[in-house]
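Right, one structure below, let's go through it.
Number of protein chains: 4
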Amino acid sequence: MSIETNLNLKKRFEKVRSDTERICAPLEIEDYGMQPTSDVSPPKWHLGHTTWFFEEFILSKVKGYKPFHSAFSFVFNSYYDTVGSRVLRSQRGDLSRPTVRQVMSYRKYVTEQCLELLSNPIDQELLDIFEIGINHEEQHQELLVYDIKYILGAQPLFPIYADMFSTQREVNTGFSQLEAGLYPIGADHLYFCYDNEMGKHKVYLQDFEIANKLVTNAEYLEFIADGGYSDFNLWLSEGLDFIRKEDIHAPLYWHLVDGEWHHYTLNGLVKINWDLPVQHVSYYEAQAFATWKGMRLPTEFEWEVASEKYNWGQLWEWTNSAYLPYPNFQKAAGALGEYNGKFMCNQIVLKGSSVATPIGHSRNTYRNFFHPSSRWLFSGIRLSK
Amino acid sequence: MSIETNLNLKKRFEKVRSDTERICAPLEIEDYGMQPTSDVSPPKWHLGHTTWFFEEFILSKVKGYKPFHSAFSFVFNSYYDTVGSRVLRSQRGDLSRPTVRQVMSYRKYVTEQCLELLSNPIDQELLDIFEIGINHEEQHQELLVYDIKYILGAQPLFPIYADMFSTQREVNTGFSQLEAGLYPIGADHLYFCYDNEMGKHKVYLQDFEIANKLVTNAEYLEFIADGGYSDFNLWLSEGLDFIRKEDIHAPLYWHLVDGEWHHYTLNGLVKINWDLPVQHVSYYEAQAFATWKGMRLPTEFEWEVASEKYNWGQLWEWTNSAYLPYPNFQKAAGALGEYNGKFMCNQIVLKGSSVATPIGHSRNTYRNFFHPSSRWLFSGIRLSK
Amino acid sequence: MSIETNLNLKKRFEKVRSDTERICAPLEIEDYGMQPTSDVSPPKWHLGHTTWFFEEFILSKVKGYKPFHSAFSFVFNSYYDTVGSRVLRSQRGDLSRPTVRQVMSYRKYVTEQCLELLSNPIDQELLDIFEIGINHEEQHQELLVYDIKYILGAQPLFPIYADMFSTQREVNTGFSQLEAGLYPIGADHLYFCYDNEMGKHKVYLQDFEIANKLVTNAEYLEFIADGGYSDFNLWLSEGLDFIRKEDIHAPLYWHLVDGEWHHYTLNGLVKINWDLPVQHVSYYEAQAFATWKGMRLPTEFEWEVASEKYNWGQLWEWTNSAYLPYPNFQKAAGALGEYNGKFMCNQIVLKGSSVATPIGHSRNTYRNFFHPSSRWLFSGIRLSK
Amino acid sequence: MSIETNLNLKKRFEKVRSDTERICAPLEIEDYGMQPTSDVSPPKWHLGHTTWFFEEFILSKVKGYKPFHSAFSFVFNSYYDTVGSRVLRSQRGDLSRPTVRQVMSYRKYVTEQCLELLSNPIDQELLDIFEIGINHEEQHQELLVYDIKYILGAQPLFPIYADMFSTQREVNTGFSQLEAGLYPIGADHLYFCYDNEMGKHKVYLQDFEIANKLVTNAEYLEFIADGGYSDFNLWLSEGLDFIRKEDIHAPLYWHLVDGEWHHYTLNGLVKINWDLPVQHVSYYEAQAFATWKGMRLPTEFEWEVASEKYNWGQLWEWTNSAYLPYPNFQKAAGALGEYNGKFMCNQIVLKGSSVATPIGHSRNTYRNFFHPSSRWLFSGIRLSK
């Protein structure tokens, strides 16, 4: 991982801690505890969990550290079996206590203890974990935005959060062409990156073309209008089961109000702007759309190789690659080894980043991953052929 | 139903409205929205629903009334199909909006409108609905206490609510004997009562004996120690399935801490006082306990006839009677007809009242009813033979 | 229970054993193992289980008895926890072995051993268990008919079984009137009866009227045509949930074929004869129909008292009584005590008998019981007011 | 696909039809209809479905063909949405009708009609579909063996099928080493193969080593004895959930009898031969075992490239490759396009073949695929590093 001065790290640590709180600022106290579906975590939980990460993996290793509260490890551990038992994921939304105020005190306490630690020279090993902790909290910032949108979007009152995290119309058109050959894939050690993207290696690609822009709402509406959701020939078998069982006929957050399509945005329920990239589609929908177009989704390797050809970064882009270990993948030792590797099954790689991705948390080697049915992330579609 | 002066009703209306808010006063904002299991409703929902009841069944009938918010009927309707669609019971806990503050404004608005209405002469019909609305809110006050206890009891931090709603040691002993004969059952029209307890009629009872006190924690511990929870001979078939599936080995809220029995109370997690009546048992457990004792639970008729023989009112007492219509039962017209009758299936009658029952909401003809697996109500056991 | 000579019992034993096999005679080998829903047991299982009953409760008590097969107790025990572990009810349909031929050998072996036993003087206690075993097998004969109809009715090919167990048009009309008063209920010891109907006792009834005939298919069609299945006001809350979840719009086995109502009968798929009593309705449907008519279902006590007034025996008749113990109910000792008592929860009493009830297994004190959602039994509706 | 003379095809057609029936010959009639879990299909269904395939895709295109039975298309369609509605997969085990005898008549009728067709010159297109139909039936022959083993293995009586389909001890040891480079992957048109393995293309591989033999029962026992099933660090997250939920502690069919490991085989319940390859493990178990060994599973590309180095064909071998389309994958037109492509999600590629694979149905380009939790197939483990 990376080498950095204490000072720079300290600044970045302070920034990540205050940014997380700023994302939550528009919320009402009541919003912080909601978990309307098990994929979503309550904002309060994100606030506590990112704090617990620094407490568990850094402060608790420091001699003389006094934990803020003995029960918080049980409450705010996510999925680290190494660390011990924890509140079930599906029951995070049952916790009214600790209160938001208590969690904010917990944040303050841990932030201050960490800052004090960072004011003095410390081991490279701890610095590396700080780096991970910062990146970890940046990841949760993005999840926070997804979860906030889902929580507020589930309210019959469709409340306004803020005019933030919106996408732009793309002006590019056409396809870029790439030639067959051996290409390097993955990251080297010059900057911070996760274990799952390391181990730079060669991959052979065939000739391919890839779109210079994302699929728009207008194009997706054509798919809907053409009966795309009911033409079984377009769908993966599991995708068809999914949309039938969940009764899905449009992207998440789309609502037909008096015959006109609206969608819930962080700025409230508004008419759809047809020129913007379609978002909140599952892999199943992305794949069916591509099939309907007579095209396909790019592999993660094609995407990475071609990434200089187009602007990316508005929405995470579904690839047609399953999330699997790179050759020579080595998972980190200890609890941090649970970060990525154990999820390498039944998930799909997404490349790029989104308008909700923190600045500096974006690179073309990044391997994001979600289950193919996920729709609440900021996802979009880029076609390939 | 009852005849009462406007003035008295107005006082009682004011009291019931402020009492509900007083019950919620010890809560944190975060507690108001929780629904850790589908039987429990968030306190915020109770606050809104009892308000909606007055708005829907009284104010909306008044010419010129302006509803507080057009979406609140959808949010706060409980189960009245007559009135229209509603938020699913299991999703009440997903509502962060309206906020507690907004719900309190809603309460204030509706309370004031009602008080103004009650300041002038009004129809007997509306007065009758006020009476029902007051009794309805009193019922929800009791449910609020159950739900608050369940919500707080589900927190790993076991927070303290207040030293309220606690039971007392009973000094009575032995059994009262009653002779066979024809006895009157049910209520007449001299005071307010629900449709399900009206239609006074005769019931023939055999000789029976009934305990002068409730079963204590100490007696129940003997049942546990004797292997009561694993002796299938003692249990109804569905009861056995229930305790096995839910892995139940003690009353709700009992926790074995370092080998010593504690239970969660509204005053926090404390050691069990063995002299107090056992509470938070299901009908299945009450029935198995009685069988283990070589006795049985009384029928609702036996209980009602014998009720003068003992002090009652600490805990609702499971009877061995299914909740069924009395002869000549007539359900009320319109939405209020959905109040009781449609639940007369697969539920068990409980008689008496509890420490959480509002004063004045208690009478020996009252027919409370819950599913046999319910444990979060303030329930206890009286033996019969 | 009853006193009877060995000889008569022996004859009845032989008859019950051969009758069971005769009921199965029209089946194909493949039909014997099917369990299309967990309420239904495979015919093969009934054949084995009724045999196991005699083996377990009689032969295994006889010195020197050699069990037919050591694993059969595990396979053919139904729900007797006293006796040991068993195949889960829901997995009875997974057993291809033992084969039908093996089960028939098992029947032959046990029948012969029992007959030998009955050829010599034996204890009254064993005779009593023989009596229960015969009644037990008679009960299973009726269940066999229900289960066979369900299994064959689930085949897309709608096979014909035989022209048996059909009902007749009733010629009676009008209502019988009964006067209020104390009436005796329950059975005495003069003939065989189950523990749940014993303990003759007095019940006070109000004036009531009860229909002289069952509700017909024609009357029930009016209810359907009038939107009965979609008028929530007519339904118990759990009934409404049930018909919505199961998407029920007509009695079980009714099929609309090219716009005309047919129903599956043991004689194949035929057009409905509108004059016959409606059958295969749940308690929920019976109750909703009665409410639609402005009437109600009789209680089990009313039915028993009035039973001389009308012809009964074509279909089991839903009452409005929950299945609960009579006063002074005593369950039998040992495994046989599990026969009735442990099911006294969340079930409804049906009175009478049906065309599928074995001759001699019918009396007006009989208390049959099923869950309110059950529809595969031969059930019908008699109105009361 | 392939070019072949009518005559040869006719012989192969006759062989595949009679082979399927020979596999079923040891069964009792009762075994034919069982479906103890939804992954398993009743043998009778396989017999009918493979027949329906020839009827639907060949005979029904022939002028004047008279279908054997109008309802059989509904009964025996598997998952071809193109063709119409069908019996739900999970309800195949509820069909007692058509009987085995009727299905055998159906087979005979269709076989004879096909043979007549093959006696005269026919279009290449129909010949190609015959080729697919034969391969299709060969695939079902292998599934039949899996399903028969599962059905019989679920019987408490552990019946013997026959001493067939058993594996051999492997004598090879050590690892083969392969060098990095570009390798060809996939099939060309010189022999029959499926659409999913076509489109020969280049893949770049790193240096790797691959075991010359499969993991044995003895080696797997070490993993169990070392606590492999309870060391969360070894498992994929979904794998851990799976073994916990299903309470899995050993391969499928392993039973601890009086402290000694046995396993159910087609030849009955026998003591485990420790020298034989371990079988009936899920991908999750294969992956955890490899991790425990400090190694990994090969990719499907490594396996294919290295396949000349070792003997394969005893068991299907889990790879670490997700089942995804090859570059330039084209699915076939019409219903046959549903054969492979729509399952390319959340499944894992297995390479090789097994003792249950029909002769001639095996090649190193074959891409078999199952969900990672599947254990009833004849699967094994080959390590890589």
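Residue numbers (full-length UniProt numbering), protein chains in the order written: chain A, 1 to 385; chain B, 1 to 385; chain C, 1 to 385; chain D, 1 to 385. Positions of the beta carbon are idealized from the N, C-alpha and C atoms, including for glycine.
PRO156(B) is the residue among PRO156(B), LEU269(B), PHE242(B) whose C-alpha sits nearest the C-alpha of PHE74(A). Nearest CB-CB separation between PHE370(A) and chain D: not below the 8 Å threshold.
The DSSP-derived three-state label of ALA71(C) is coil.
Assigned with DSSP and collapsed to three states, LEU315(B) falls in coil, not helix or strand.
Cβ atoms of LEU178(A) and VAL62(A) stay farther apart than 8 Å, at about 50 Å. Annotation for SER96(B): GLY33 place their beta carbon closer than 7 Å to its own, counting only its chain and skipping 5 residues before and after. Inclusion of SER354(D) and MET295(D) in the CB contact set at 8 Å is not warranted, their separation being larger than that value. Distance between TYR310(A) and THR299(A), taken at the CA atoms: about 16 Å. Counting only runs of 3+ residues, no beta strand (DSSP E) is found wholly inside the UniProt domain "DinB-like" (13 to 142) of chain A. Legend: CB atoms of the segment 345 to 362 of chain C lying less than 7 Å from CB atoms of chain B belong to residues CYS345, ASN346. With distances taken between CA atoms, THR365(B) lies nearest to TYR191(B) out of TYR191(B), PHE242(B), LYS331(B), LEU144(B).
A check of alpha carbon separations from ILE185(D) across GLY186(A), ASN212(A), TYR204(A), GLY174(A) identifies TYR204(A) as the nearest. A straight line joining the alpha-carbon of LEU336(A) with that of HIS371(A) spans about 21 Å. In terms of CA proximity to ASP163(B), PRO26(B) leads the group PRO26(B), LEU214(B), THR216(B). If only uninterrupted alpha helix (DSSP H) runs of at least 4 residues are considered, those enclosed by the segment 143 to 226 of chain D are 217 to 225. Here GLU116(D) is exposed. Its C-beta has fewer than 16 other C-beta atoms within 10 Å.
Only those residues of the segment 310 to 326 of chain C whose C-beta falls short of 9 Å from the nearest C-beta of chain B are listed: ASN320, SER321, ALA322, TYR323, LEU324, PRO325.
Along the segment 281 to 365 of chain C, the beta strand (DSSP E) occurs as fully enclosed runs of 3 or more residues at 316 to 322, 348 to 351, listed in sequence order. Counting only the Cα atoms, LEU88(D) lies some 12 Å from PRO36(C). Secondary structure of GLU260(D) (DSSP, three-state): strand. In summary, GLY133(D) is buried, with 16 or more beta-carbon neighbours lying within 10 Å of its beta-carbon over all protein chains present. At a cut-off of 8 Å, the C-beta of GLU246(B) has no neighbouring C-beta in chain A. Separation of GLU260(C) and SER230(C) (C-alpha to C-alpha, rounded to the nearest whole angstrom) is 21 Å. In this structure, DSSP gives LEU9(D) a helical state, which the three-state scheme calls helix.
In the structure shown, LYS245(D) adopts helical secondary structure according to DSSP, grouped into three states. Judged by beta-carbon spacing, GLN206(A) lies beyond the 8 Å limit of ALA225(A), meaning their Cβ atoms are not closer than that value. In the three-state reduction of the DSSP assignment, LEU377(C) falls in the coil class, being assigned neither a helical nor a strand state. For the pair PHE223(C) and TRP292(C), the CB atoms are nearer than the 8 Å cut-off. Shown here, LEU269(A) sits in a strand according to DSSP, grouped into three states. Any Cβ of chain A closer than 8 Å to the Cβ of ARG97(B) would place that residue at the interface, and such an atom is present. Here ILE272(C) really is in contact with ASN217(C); their C-beta atoms are around 5 Å apart, less than 8 Å. Identification of chain B residues near PHE74(A) by a Cβ-Cβ cut-off of 9 Å yields PRO156, ordered along the chain.
SER384(A) is bridged by DSSP to ILE210(A), ARG296(A). For PHE343(C) against TYR323(C), the beta-carbon gap comes to about 7 Å, under 8 Å, which counts as contact. Distance from GLY153(A) to TYR253(A) at the Cβ level is roughly 6 Å; contact confirmed, criterion being Cβ atoms closer than 8 Å. When C-alpha distances from ILE29(B) are compared across VAL100(A), CYS24(A), PHE54(A), the shortest belongs to VAL100(A).
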